[in-house]
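All the letters of the sequence shown, read from the start, carry residue numbers 1491 to 1568 under the working numbering.
A virtual CB, placed ideally from N, CA and C, is assigned to each residue, including glycine.
Here's the structure, in structure tokens; my notes come after.
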Amino acid sequence: ALKRLMILKADLQTALETNNREDIIRYFNEFKALYEEVTSKKFEDDIPEEKLKQIQSVINGTVAETVVKEDTEEEILM
């Protein structure tokens, strides 16, 4: 299960970097469910608030899908 969790985390990170809303939603939901199953903890308690807000804003559709330019990559990582 931990290996699957790491794969899902990598898939979610890639989806966030490419701003692929469908993949973000799918991988986030799969990761969250598996994380809570494996750790018996609430997912939101262990993820940085800034990253959680980024994911939720995409899932809720409040962020317009845009093409990520190379010069904005640093902004995403901060």
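Note on geometry: alpha-carbon atoms of F1518 and L1495 lie some 11 Å from one another. Of the residues assessed, V1548 falls on the buried side of the cut-off, its CB having 16 or more other CB atoms within 10 angstroms.
The beta carbon of L1498 lies closer than 8 Å to those of Y1517, E1520, F1521 and L1524 in the same chain, with the five residues before and after it left out. Residue burial is scored here from C-beta neighbours: L1492 has fewer than 16 other C-beta atoms within 10 angstroms and is therefore classed as exposed.
Taking the Cα positions, N1509 is about 27 Å away from E1527.
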